[in-house]
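Engineer: As they're listed, the protein sequences go chains A, B, C and D. When you read off a place in the first sequence, starting at 1, and then add 950, the result is the number in the working numbering. When you read off a place in the second sequence, starting at 1, and then add 950, the result is the number in the working numbering. When you read off a place in the third sequence, starting at 1, and then add 950, the result is the number in the working numbering. When you read off a place in the fourth sequence, starting at 1, and then add 950, the result is the number in the working numbering. We put the beta carbon where it would ideally sit given N, CA and C, even for glycine. The structure under discussion is supplied below as structure tokens; questions concerning it will follow.
There are 4 protein chains.
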Amino acid sequence: MAKDSTSGRMKAVIKASPGPGLELATVDVPILGPGEILIRVAAASICGTDLHIYRWDPWSAEHIRPPLIIGHEVCGEVVEVGRDVTTVKEGDFVSVESHIICGKCVYCRTGRGHICPNTKIIGIDRNGAFAEYLAIPAENAWINPPDMPVEVAVLQENFGNAVHTAFAVDLRAKKVLITGCGPVGLMTILVAKAIGARAVYATDVVPYRLHLALKMGADLVVNADSQDVVEVIREATEGEGVDVLLEMSGAPKAIVQGFTLLKAGGEAALLGLSSGPIPFDMNEFVIFKGIHIYGIIGRRIWETWYQMRGLIRSGLDPSQVITHRFPLEEFEKAFETMASGQSGKIVLYPRGRTE
Amino acid sequence: MAKDSTSGRMKAVIKASPGPGLELATVDVPILGPGEILIRVAAASICGTDLHIYRWDPWSAEHIRPPLIIGHEVCGEVVEVGRDVTTVKEGDFVSVESHIICGKCVYCRTGRGHICPNTKIIGIDRNGAFAEYLAIPAENAWINPPDMPVEVAVLQENFGNAVHTAFAVDLRAKKVLITGCGPVGLMTILVAKAIGARAVYATDVVPYRLHLALKMGADLVVNADSQDVVEVIREATEGEGVDVLLEMSGAPKAIVQGFTLLKAGGEAALLGLSSGPIPFDMNEFVIFKGIHIYGIIGRRIWETWYQMRGLIRSGLDPSQVITHRFPLEEFEKAFETMASGQSGKIVLYPRGRTE
Amino acid sequence: MAKDSTSGRMKAVIKASPGPGLELATVDVPILGPGEILIRVAAASICGTDLHIYRWDPWSAEHIRPPLIIGHEVCGEVVEVGRDVTTVKEGDFVSVESHIICGKCVYCRTGRGHICPNTKIIGIDRNGAFAEYLAIPAENAWINPPDMPVEVAVLQENFGNAVHTAFAVDLRAKKVLITGCGPVGLMTILVAKAIGARAVYATDVVPYRLHLALKMGADLVVNADSQDVVEVIREATEGEGVDVLLEMSGAPKAIVQGFTLLKAGGEAALLGLSSGPIPFDMNEFVIFKGIHIYGIIGRRIWETWYQMRGLIRSGLDPSQVITHRFPLEEFEKAFETMASGQSGKIVLYPRGRTE
Amino acid sequence: MAKDSTSGRMKAVIKASPGPGLELATVDVPILGPGEILIRVAAASICGTDLHIYRWDPWSAEHIRPPLIIGHEVCGEVVEVGRDVTTVKEGDFVSVESHIICGKCVYCRTGRGHICPNTKIIGIDRNGAFAEYLAIPAENAWINPPDMPVEVAVLQENFGNAVHTAFAVDLRAKKVLITGCGPVGLMTILVAKAIGARAVYATDVVPYRLHLALKMGADLVVNADSQDVVEVIREATEGEGVDVLLEMSGAPKAIVQGFTLLKAGGEAALLGLSSGPIPFDMNEFVIFKGIHIYGIIGRRIWETWYQMRGLIRSGLDPSQVITHRFPLEEFEKAFETMASGQSGKIVLYPRGRTE
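Have a look at this one:
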């Protein structure tokens, strides 16, 4: 075994029991099944879902069964492979598709595994990535070029949400509104600019994030708390509105603003999750304008990954959205920073930052 | 002039003044503009919108400026053409596209005139078809083969809604739910069966209409008042649900049932108008399942008309949905019948039924 | 083991050595690998490729390594499953996808296994179906309802070519030309009519097949040997030509006729293989008319199979194209019949016809 | 009249009689029809078609009826409008769609005017743009922002070919081969890079043009005369080949190279015209690989123009392909330069270069 630990023990951030908070623990390095691989985690980034679990919101209480190592955005080196593994080998530098799909249902058999109803998620349904080592099915590994920067590799799972959303519609030469400038929204700005959007308008309620949005290339940012989004963007578009809405916030207000601004014949791709049903005017927002709406979940497996590879090789650098880095041990500080809203993407390093 | 009236006067059903009701009046035969044509009305059918105007609901009070001849589903013979008309000639047997589009906006210039924001509608924004004669812009005439049955020709405007909706999605070999069995819903059943749907499930609250739905070829009909729609259709689909939702009712309950039954990866085309915003669960209904939604308005001009022509020539007969016929003078009885819900499509004949 | 043979030996039609002809032999029943299943063959049908192998044409000489059991269109009962098989069980009534794909290349990983460059074909690259028993990877089994007629089940591999081709374009309300009325062409007529084609025109050079084409529902058949195809179909379409070309013959003359008749904006799906490069006028046939062309190979795995299931359940019966049935032992007579051109589909029964 | 000429006469480059060559003449300023506008030409660029007419090749001999003012890529100020014109006014700065379409056929009525069979082309079927003034139907004017550079405005007709081709396929994150680096090929490189191609490979036989291709952003250029195109690009793509072929040359050799390099599942958009039928291997190039081919002609009217507007406003500058500028009087020098192959786009100025 190429593992650098003879002890068979490792550090991990776990939800030890139901309720708010997380803790640093020492646990066993995972034992591999025949089709699994062991990854020495180089870096792991924090997702909004991790924050929900940290806070133990109702969704977490329903879905999480402690004790559990959380975290699902990750890259690292393969240090051991199970008996039956043929597609990955020791030494490969991999990123991880966090959705473990069944491979047998109608969706998996027709190239639509991203909507497989039997999906299990790493860090939610089984132990995750905020640890020194991570075991996953070999099928969930995406082999990177050895020289890919760790901070690009770690982001791919999350970057894939941005690419999946932006590629679901036609952005070429179009005016695009992105509502919500969390890390996925920010990366979507990068993608939209890279694939030929005419103009990108971005909204959020946090000035820190709007500032990042400008840095990513947004042509105009609007603070939904202090400005009249509809008014400002209507003016910026000479009264026309936008051709495309990419909804990344889940905020009912943003959804209404987005559909209000959407031109007849427009397209909307929705990724952001709301906290429940919202009042929605199908007549005005969808039917009279002949709008098309696309629900977006996860990444197309593996189409989105190939698209990411192409974008990254063409020069797009998603790691621009990273604003903070912490050793794994300082996870509390990391979560607090994230909760403050004063951040882009935050990366945890279980064994120090190596580049 | 080939008109058979030397008097220059004609019968018409008009909204004489704001408020409920309609009346039969004698009015001037329309004078043609240089680009217009005069149609001797062979038949005109009643749309749900006409019933709204009859009842003078809030929408009507806002949009209708009496006095107005209403009615917009119509066919007849061209008896006079304006000075500049080159595309239609006296004697042509025409149906009418009721949407007068501007031809100059970005939508009209890119083959999407059905969402032209400058649309004027015959029988709503200008005098309509419940009369002996009707004047329309020549561009709005669709020339039929001379031997097309009047009861097919008169239905095309409305049939176009069904075709536009059904053709917006892929129904081939799919399980399809049609919510709402008014005339458009009924014609959509015909279309879905003709273009290869695996099974068509139809819902409504009126037994009379459900009976018609079966006659049109629905594989299963469900009474949304007395049966548990979700339960019944889940069972009929072995727990799977449906691949496609075609929403024709606008009823919030039907919309929820439809999206509940829609399988992951499914498509929904929405034509039915609700009375206002509805509570809608974007997470469960759209995002988690990766659903695509298409808002449908009017007919694609003229793509839908060519598609109708093809369907009709392949043997589909939309006139099967006609259940009642009245002379124009008996319009009151026609509207009462329609209001009762105990009808499919109702046709008015201003000069007697000629076939 | 549920096999009904204690001897471990079986009848099979084999290509014993390079050169024309086939022979009936007694060979060992296949031994299963851990991921394989053993099928007791209920019926197997003859493909054009089998005839090429029988005749030992240049393609066969290059691709076939005798001794080999040929045949790849097949259905039967699963009588044994390998150690690792979880998706199929003894007693299942299965049809067979003849293309064994690698599951690891970019195409397989993005829902496009039908163009996997590592494809191995049953009956070509490994032993096939003209035998009492057939071993295949479990992944290649498609489980049928137990009550599906054998003559429907056996045709699905081949029917899938028809469905893949017809579903690659939009046939709804369109005028469709099908060039080539072999079994796939004939089944494509069935599909085109089932999914709403306005009219289907079919060409071939064999009157027997044109007669079958009419029986399948073609609106007009044209003998390319004795009639002027372009002239006849132009007249039938009032000078317009056709909206869609489905090319099933590979005959250069048919390809030229098809593209000549194709209207501007038309779509062509090509399945028939030519014997080599052909002279082709890109300007007139593709560019000036803005034509779209789709190359079709195999079946989309498994999308096409789900589509077939839907079509069959909606009432389409592909077994109408079967014209001849023989016991396996009379394979010589079967191949002669097929070579004569006086046949539709021909089915071989290794253990007698059971229904 | 706002024309600056009281004489009613103007300079023009005309094909005076059948045969090679062109000449500078003084002719009458065009008289407007009621739906026409008069443009004071600011600049006009030379198309490959103009060179064919200059040389009087067989196509020209068949299509051109002298005397004729040629030229169809043009921009300028509107100085007079016909009686019935409502969409354009004096002073507007316009570019010109060179295809005059009928507006009445099935293609024009369904948003596909670019394949209207009744198309008349400015500078081919009626007097064109190499002159001080040009009369066109008002419908063919595209109104530019007043501050658009003349050298962007003049190129739009030709740029539209590039945009139409590049937008016909999905280039996002893809490896793209562009065969032919004339002005349209060069502008297509610009577009492909702007809309997210992963890599652009370009071929030509003229080093001058390959040098321009690099300047436009091509990642790799290959000289098809002196290098093995297939070998070089296979190596550059690690043996894979390309995802997309954009064929701009019409050269049979380039077409074969392009389809050889195209990956399974790839897309090819063809714009370049060959001199006649070419030998084409449908099996290897289209069917076995499941390739999609799109024939491209002209510009989508007006969809392509709106897309151009978006691209230009997002920062793309097509005028980078201009390498030479001449006063109209020096048209001979301009055509000689173009014939030499040592040029990108060449622009003629009938009244001096004003910026």
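#1: Using a cut-off of 7 Å between C-beta atoms, extract the partners of B:Arg1062 located in chain A.
#2: Is the beta carbon of A:Ala992 sitting closer than 8 Å to the one on A:Phe1080?
#3: So, at 6 Å on beta carbons, what are the nonlocal neighbours of B:Glu1012 in its own chain, with the 5 sequence-adjacent residues on each side left out?
#4: Taking only the alpha-carbon atoms, compute the straight-line gap between C:Phe1043 and C:Ser1199 and give it to the nearest angstrom.
#5: Going by beta-carbon coordinates alone, are B:Gly1216 and B:Lys1239 separated by less than 8 Å?
#6: Mapping the DSSP letters down to three states, classify B:Ser967 as helix, strand or coil.
#7: Between D:Leu1105 and D:Lys1295, how many whole angstroms is the CB-CB distance? I'm expecting something under 8 Å.
#8: Between the C-alpha atoms of D:Arg1062 and C:Asp1193, what's the straight-line distance to the nearest angstrom?
#9: Using a Cβ-Cβ cut-off of 7 Å (strictly less than) and excluding sequence neighbours within five positions of A:Glu1279, which residues of its own chain qualify?
#10: For C:Ile1093, count neighbouring Cβ atoms within 10 angstroms of its own Cβ and tell me buried if that reaches 16, exposed if not.
#11: Counting only beta-carbon atoms, is B:Glu1047 nearer than 8 Å to chain D?
#12: Which whole-angstrom value is the C-beta distance of A:Leu1084 and A:Val1024, which I expect to be below 8 Å?
#13: Using the three-state DSSP reduction, which class does C:Pro1229 fall into: helix, strand or coil?
#14: Show which residues of chain E have a CB atom less than 9 Å away from the CB atom of C:Phe1230.
#15: In chain order, which beta strand (DSSP E) runs of at least 3 residues are fully inside the segment 997-1072 of chain C?
#16: Could you please give me the residues that DSSP links to A:Ile1086 through a beta bridge?
#17: A:Lys1054 CB to nearest chain C CB: under 8 Å?
#18: Quick one: what does DSSP say D:Ser1269 is sitting in, helix, strand or coil?
#19: Do you know offhand how far D:Gly1248's Cα is from C:Leu1223's?
#20: Using a 10 Å radius around the Cβ and a threshold of 16 neighbouring Cβ atoms, would you call D:Ser1176 buried or exposed?
#21: For C:Arg1033, does the count of other Cβ atoms within 10 angstroms reach 16, so buried, or fall short, so exposed?
#22: Hey, how far is the Cα of C:Ile1237 from the Cα of C:Thr1210?
#23: Should B:Glu1047 and B:Asn1090 be called a contact, given that it needs their Cβ atoms to be closer than 8 Å?
#24: Taking the CB atoms as reference points, tell me whether D:Trp1252 and B:Thr1060 lie closer together than 8 Å.
#25: For the candidate residues D:Ile1241, D:His1274 and D:Phe1109, whose alpha-carbon lies nearest to that of D:Leu1261?
#26: If the cut is a Cβ gap below 8 Å, which residues of chain A does D:Gln1257 touch?
#27: Using DSSP's beta-bridge definition, name the partner residues of B:Arg1148.
#28: Output the distance between the C-alpha atoms of B:Val1113 and C:Arg1148, rounded to the nearest integer angstrom.
#29: Could you name the residues of the segment 1252-1279 of chain A whose beta carbon sits closer than 8 Å to any beta carbon of chain D, in the order they occur along the chain?
#30: Name the one or two DSSP bridge partners that A:Ile1128 has.
#31: What's the gap between the Cα of D:Arg1122 and the Cα of A:Lys1143?
#32: Are the beta-carbon atoms belonging to C:Ile996 and C:Met1288 less than 8 Å from one another?
#33: When burial is assigned at 16 or more other CB atoms within 10 Å of the CB, is A:Lys965 buried or exposed?
#34: Compare the beta carbon distance of A:Gly1130 and A:Val1150 with 8 Å and say whether it is the shorter of the two.
#35: When you compare only the Cα positions, how much space is there between C:Ala1118 and D:Leu1298?
#36: C:Ala1098 by DSSP, collapsed to three states: which one?
Structural biologist: According to the structure shown:
#1: Taking a Cβ-Cβ cut-off of 7 Å, the neighbours of B:Arg1062 in chain A comprise Gly1215, given in sequence order.
#2: With respect to the 8 Å criterion, A:Ala992 and A:Phe1080 are not classified as neighbours on the basis of their beta carbons.
#3: So no residue of the chain qualifies.
#4: When rounded, the distance between both Cα atoms is 32 Å.
#5: Yes, Cβ-Cβ distance for B:Gly1216 and B:Lys1239 is below 8 Å.
#6: For B:Ser967, the three-state secondary structure derived from DSSP is coil.
#7: Confirmed, Cβ separation roughly 7 Å.
#8: Going from the Cα of D:Arg1062 to the Cα of C:Asp1193 covers about 14 Å.
#9: These residues qualify, in order along the chain: Leu974.
#10: By the C-beta density criterion, C:Ile1093 is exposed, having fewer than 16 other C-beta atoms within 10 angstroms.
#11: For B:Glu1047, the nearest beta carbon of chain D is not closer than 8 Å to its own beta carbon.
#12: Cβ atoms of A:Leu1084 and A:Val1024 come within 8 Å of each other, at about 6 Å.
#13: DSSP places C:Pro1229 in strand when its eight states are reduced to three.
#14: Any reference to chain E falls outside this structure, whose protein chains are A, B, C and D.
#15: For the segment 997-1072 of chain C, whole beta strand (DSSP E) runs of length 3 or above, ordered along the chain, are 1023-1031 and 1043-1046.
#16: In the DSSP assignment, A:Ile1086 is bridged to A:Ile987.
#17: In terms of beta-carbon proximity, A:Lys1054 lines the interface with chain C, with at least one pair separated by less than 8 Å.
#18: Taken through DSSP and simplified to helix, strand or coil, D:Ser1269 comes out as helix.
#19: Looking at the two C-alpha atoms, the distance is approximately 32 Å.
#20: Exposed.
#21: By the neighbour-count rule (16 or more Cβ atoms within 10 Å), C:Arg1033 is not buried but exposed.
#22: Pairing C:Ile1237 with C:Thr1210, the inter-Cα distance amounts to about 13 Å.
#23: The answer is yes: Cβ separation under 8 Å.
#24: Annotated as proximal: D:Trp1252 and B:Thr1060, with beta-carbon spacing under 8 Å.
#25: Comparing alpha-carbon positions, the option among D:Ile1241, D:His1274 and D:Phe1109 lying closest to D:Leu1261 turns out to be D:Phe1109.
#26: Chain A residues near D:Gln1257: Arg1122 and Ala1123.
#27: Looking at the DSSP assignment, B:Arg1148 forms no beta bridge with any residue, so it has no partner.
#28: The alpha-carbon atoms of B:Val1113 and C:Arg1148 are separated by roughly 14 Å.
#29: Of all residues in the segment 1252-1279 of chain A, only Tyr1256, Gln1257, Met1258, Arg1259, Gly1260, Leu1261, Arg1263 and Ser1264 come within less than 8 Å of chain D when Cβ atoms are compared, listed by chain position.
#30: Partner(s): A:Ala1152 and A:Leu1196.
#31: Spanning the alpha carbons of D:Arg1122 and A:Lys1143 requires a straight line of approximately 12 Å.
#32: Taking 8 Å as the Cβ cut-off, C:Ile996 and C:Met1288 qualify as a contacting pair.
#33: By the 16-neighbour rule on beta-carbons within 10 angstroms, A:Lys965 is buried.
#34: Not a contact, by the Cβ cut-off of 8 Å.
#35: C:Ala1118 and D:Leu1298: Cα-Cα distance of roughly 47 Å.
#36: The sequence shown places Met at residue 1098 of chain C, not Ala. The DSSP-derived three-state label of C:Met1098 is coil.
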